[in-house]
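Colleague: I have a structure I would like to understand better, so I am pasting it below and will then ask my questions one at a time.
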Amino acid sequence: CVVIGSDGHLLGSRGPLQPLIYAIALFLILGAALAALPEVAVMMYHFSNTSPSMQARWMVSSIVAQAVNAPIFFIVLPASVLLTHFHELGMLAFELMALLAFLAAVEI
Numbered sequence: 358c359v360v361i362g363s364d365g366h367l368l369g370s371r372g373p374l375q376p377l378i379y380a381i382a383l384f385l386i387l388g389a390a391l392a393a394l395p396e397v398a399v400m401m402y403h404f405s406n407t408s409p410s411m412q413a414r415w416m417v418s419s420i421v422a423q424a425v426n427a428p429i430f431f432i433v434l435p436a437s438v439l440l441t442h443f444h445e446l447g448m449l450a451f452e453l454m455a456l457l458a459f460l461a462a463v464e465i
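According to the numbering used here, the sequence shown holds residues 358 to 465 in order.
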């Protein structure tokens, strides 16, 4: 999505679709940036190895952060843009849906 959105000549005559591609790319990039939150919780889990109850809290917070981040930024928000502008995107919508399905499977 980022490559499709960043190259204005790639879409050819379908240049007006570029803001939609930017919107999808924005959600994916924001989700990737926020993917560091579960990793911080995992790091804190390892640093709190002297307290099992603290480790359990960090593990739960890591699970919650991943359970919130992945579906919202990799599925719900990009899919809402795709479904809202499905007719405008045409066949590109199916290609982007396949990409989103792959990314969601990797993240979840």
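Glycine included, C-beta positions come from ideal geometry on N, C-alpha and C. Keep in mind that this is a model prediction, so the values were computed, not measured.
1) Per DSSP, what kind of secondary structure is alanine 392 in: helix, strand or coil?
2) Tell me the rounded alpha-carbon separation between isoleucine 432 and methionine 401.
3) Counting Cβ pairs, one atom from each stretch, are 3 or more of them under 8 angstroms apart for the region 438–446 and the region 375–384?
4) By alpha-carbon positions, which one of Phe451, Leu449, Pro428 and His444 ends up nearest to leucine 385?
5) Going straight from the alpha carbon of alanine 450 to that of phenylalanine 443, what length do you get?
Modeller: With the given structure in hand:
1) Here the question's residue 392 lines up with position 35 in the sequence shown. Alanine 392 falls in the coil class under three-state DSSP.
2) If you number the sequence shown from 1, residue 432 lands on position 75. If you number the sequence shown from 1, residue 401 lands on position 44. The C-alpha of isoleucine 432 lies about 27 angstroms from the C-alpha of methionine 401.
3) yes
4) On the sequence shown, position 28 is the one that residue 385 refers to. The candidate whose alpha carbon is nearest that of leucine 385 is Pro428.
5) Along the sequence shown, read from residue 1 onward, the residue named residue 450 stands at position 93. Along the sequence shown, read from residue 1 onward, the residue named residue 443 stands at position 86. Those two C-alpha atoms are separated by around 6 angstroms.
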